[in-house]
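Chemist: Numbering (the numbering used here), first residue to last: 936 to 1800.
Ideal placement from N, C-alpha and C gives every residue a C-beta, glycine not left out.
Let me begin by handing over the structure; questions about it come next.
Listed below in structure tokens is the structure:
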């Protein structure tokens, strides 16, 4: 991956800043801590880890103090086949935008853009390599974790020509993992209490930083002007010094040019001598092979001739045995044919008798089907003539029940008229004479008359009239239902319903019986089957039973099987004899061909050896080899002499130092011109700001930070111990790392020799960490080295990794506030190393002290603020 550009807007103390990076090359980003040089490394992490909608404390902490704005990061980079611009804004008007420029244009927004970038990174970039090549602020003494960097393993594997992997060991890891999980989650994040302490510490630090920034803001402009003035004077002095140093190194290079040419010429002569030795040796070896070949061909020809004669005799014997067997096997074949014809005739008799019995069974089945069909038709006719079912009976019963209820209700609510005859005069009630008396419920108009004396008409109230009409409507409804069904009353309807139920039962039984007999066939199919069976049964003899026919068939079948067994055994015997004949014939032909070929090869070998000896004798070949070997020894001695001379003058380091010095001189001239422009601009920006109350706020923030720091350090110490133990134990299971130690050590020593001298060497652990350093014959463990030496070796390890990994799999080296423990002389030599690696890799340096990196020849310096 290569970074091309990053733009920060409203990010911590940066209002707006854009930085472009060399790719490959070295870019030095300069700026005080409060301006945001470390914010670049933080922005690269946050833009990947958190969506634009995130409310995580890490996101909230980057919002500028006392400003309601949304921090924004835009990154342009290349990774794999992709070149893209990725922009993200948090908190205020959050947004995410991805523009893919190559290999084909594509634009995505929102969470889909976040997911697409994660997919691209997972596809093209190794996360462990990205982390290993970043040296964050305050950790310059710590080596990169290279044990699981796949691109580095791939590169080292290719150099070591070894693709094996070591075994994995898991001893004690469970107990260590439990202790580790007290402080870290499965994904490596802090647990609740530890995370809360970390968050609180970050907030306290941010409060202190904000107070310090506010206090220092008043001095920013003045300090910048003073700093630019000092840097301008220092650069002017450095230009003179760099030019003088470049001239001196150039003179030393010219002095070694002749020695280099002698070394190259000696190397060419040695190569030619080695080719001559190889050619002479090949000729001697070829002559020896020809002699051995002639001897071997002679032995092979004799052996092949003997094998051919034996194969001829075996073939003749096998042909005689086959003729004898064929003469004896014909009678068995004829017997099998006669018995097979008799078995076929017996099978036809059995089938005819079986068909006769089957026709009788199918006829009985057809008769049952036809009887069930007739019963079904009678039941269906009865159902069609009788529509009275249980539902209709229930309907009639309901109407009749309602009628009785309504009559009872009318009688209970009607007035009662009592008529009693007192004399001899005739009395009639509604035209009906009464003898002594009559009682009547008054549900309708009643007329009481004494002939010739009186007529009394009694009329009931309106309620009684309505009840009477309702009763009449119900009576009409009942009469209509009975008339429609053709029954006299409810009892007859119930009898008719029972008759219908019986007809349904008979129909269902007939249907089931008919379906059972049909068994899925149609009546026509059953009749057709009966006709077909009767046709087959026509040939059956009435005097032969099925048992007799089967007995005859079984007897003939048994005889046929015995005869077939004998015939099969005879055929199998013939096949075996024939196989022997074919095998013998194949051996005869093969050995004949082999004998002929061996004789021809012997003749050609004799001819070739004689022809070669005519061209050059065996003694002449041996003499030529001895002479060529002596020339190779002389050329090797001359080459070693020139190599020793070059090593004595440390020519390789001189070349690197000279190239860096030339580029440094050119870059310093450019830097001086830029500083003059920056100084002129700073002169116009001087201003005065107040500082009332700022010191008190800073004191309060520092006190709170101290309290939180003590709690955090206690937890962090235990968490680091658990994490270190876990990491150490897991490292031991990575046996595969041993395969990569040698090429990685060579890369580290090649770069380290420029800094520590030509006798520098290191011991590399299985996890590719530097265990110890040897210089001037003294070996010191890494942990016992000075802070400066640790810092230098940690940096060389990262640079060696960047140099080894291919450009397609690589990632930028990011150094945040590095070389703080390194002295000036070592910084100058490290500058040459950084310059060398930067020619093929991308290196980004974040610093507030540019003098540490002022000697990097090809570096481009960018200033923030």
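For residue 954 and residue 1783, I'd like the C-alpha separation in whole angstroms.
Modeler: 15 angstroms
Chemist: Using CA coordinates, which residue listed in 1257, 1736, 1710 is at the minimum distance from residue 1724?
Modeler: 1710
Chemist: Where does residue 1623 land, buried or exposed, given buried means 16+ other C-beta within 10 angstroms?
Modeler: In this prediction, residue 1623 has a pLDDT of 44, which is less than 50 and means its spatial position is unreliable; nothing more can be read from the coordinates.
Chemist: Please check the pair residue 1323 and residue 1431, which I expect to be a contact at CB under 8 angstroms, by giving their CB distance rounded to whole angstroms.
Modeler: 4 angstroms
Chemist: Counting along the chain, where does the alpha helix (DSSP H) carrying residue 1011 start and finish?
Modeler: No alpha helix (DSSP H) contains residue 1011, which is instead part of the beta strand (DSSP E) from 1007–1014.
Chemist: Candidates 1539, 1401, 1422: which alpha carbon is nearest residue 1230's?
Modeler: 1539
Chemist: Which residue from 1005, 1069, 962 puts its Cα closest to that of residue 980?
Modeler: 1069
Chemist: Report the three-state DSSP secondary structure of residue 989 (helix, strand or coil).
Modeler: coil
Chemist: Return yes when the Cβ of residue 986 is within less than 9 angstroms of the Cβ of residue 1061, no when it is not.
Modeler: no
Chemist: Measure the alpha-carbon distance for residue 993 versus residue 1043 and round it to whole angstroms.
Modeler: Cα-Cα distance, rounded: 25 angstroms.
Chemist: If I'm right that residue 1559 touches residue 1204 with Cβ under 8 angstroms, what's the distance once you round it to whole angstroms?
Modeler: With 8 angstroms as the limit, residue 1559 and residue 1204 do not qualify as a contact, their Cβ atoms being about 18 angstroms apart.
Chemist: If you run the structure through DSSP and keep just helix, strand and coil, what is residue 940?
Modeler: strand
Chemist: Let me make sure I understand the geometry here. Which of 1346, 1525, 1375, 1369 has the alpha-carbon closest to that of residue 1357?
Modeler: 1369
Chemist: Give the DSSP bridge partners of residue 1552, in chain order.
Modeler: According to DSSP, which records beta bridges pairwise, residue 1552 is partnered with nothing at all.
Chemist: Could you spell out the range, first to last residue, of the beta strand (DSSP E) harbouring residue 1081?
Modeler: Run containing residue 1081: none; DSSP gives neither H nor E here.
Chemist: For residue 1696, which beta-bridge partners are listed by DSSP?
Modeler: 1709
Chemist: Tell me, to the nearest whole angstrom, how far the beta carbon of residue 973 is from that of residue 1141; I am working on the premise that it is less than 8 angstroms.
Modeler: With a Cβ gap of about 13 angstroms, residue 973 and residue 1141 do not count as contacting.
Chemist: For residue 946, which residues does DSSP report across the bridge?
Modeler: 949
Chemist: How many angstroms separate the CA atom of residue 1505 from the CA atom of residue 1511?
Modeler: 10 angstroms
Chemist: With a threshold of 16 other CB atoms inside 10 Å of the CB of residue 1659, please say whether the residue is buried or exposed.
Modeler: exposed
Chemist: Are the segment 1743–1756 and the segment 1573–1583 touching, with three or more C-beta to C-beta distances below 8 angstroms?
Modeler: As far as the Cβ criterion goes, the segment 1743–1756 does not touch the segment 1573–1583, which means the pair count is below three.
Chemist: So, with DSSP's three-state summary, where would you put residue 1480?
Modeler: coil
Chemist: Residue 1678 by DSSP, collapsed to three states: which one?
Modeler: helix
Chemist: Please state if the CB of residue 1338 and the CB of residue 1406 are separated by a distance shorter than 9 angstroms.
Modeler: yes
Chemist: DSSP three-state label for residue 1723, please.
Modeler: helix
Chemist: Could you spell out the range, first to last residue, of the beta strand (DSSP E) harbouring residue 958?
Modeler: Careful: residue 958 lies outside any beta strand (DSSP E) and carries neither H nor E.
Chemist: Could you tell me if residue 1491 is buried or exposed, where buried requires 16 or more neighbouring beta carbons within 10 angstroms of its beta carbon?
Modeler: buried
Chemist: According to DSSP, which residues form a beta bridge with residue 1193?
Modeler: According to DSSP, which records beta bridges pairwise, residue 1193 is partnered with nothing at all.
Chemist: When you compare only the Cα positions, how much space is there between residue 1305 and residue 1288?
Modeler: 27 angstroms
Chemist: Would DSSP call residue 1455 helix, strand or coil?
Modeler: coil
Chemist: Can you grab the Cα-Cα spacing for the pair residue 1367 / residue 1394, in whole Å?
Modeler: 18 angstroms
Chemist: Should the segment 1072–1088 be regarded as contacting the segment 1722–1738, the criterion being three or more beta carbon pairs within less than 8 angstroms?
Modeler: They touch, by the three-pair rule.
Chemist: Excluding sequence positions up to five away, which residues of its chain have a Cβ less than 6 angstroms from the Cβ of residue 1177?
Modeler: 1599, 1600, 1603
Chemist: Mind checking which residues open and close the beta strand (DSSP E) that includes residue 1609?
Modeler: Element bounds for residue 1609: not the beta strand (DSSP E) but the alpha helix (DSSP H), 1586–1618.
Chemist: Just to confirm my understanding: we take residue 1135, look at its own chain, exclude 5 residues before and 5 after, and list those with CB closer than 7 angstroms. What are they?
Modeler: 1643
Chemist: What residue range is occupied by the uninterrupted beta strand (DSSP E) comprising residue 1751?
Modeler: Judged by DSSP secondary structure, residue 1751 falls within the beta strand (DSSP E) whose first and last residues are 1748–1751.
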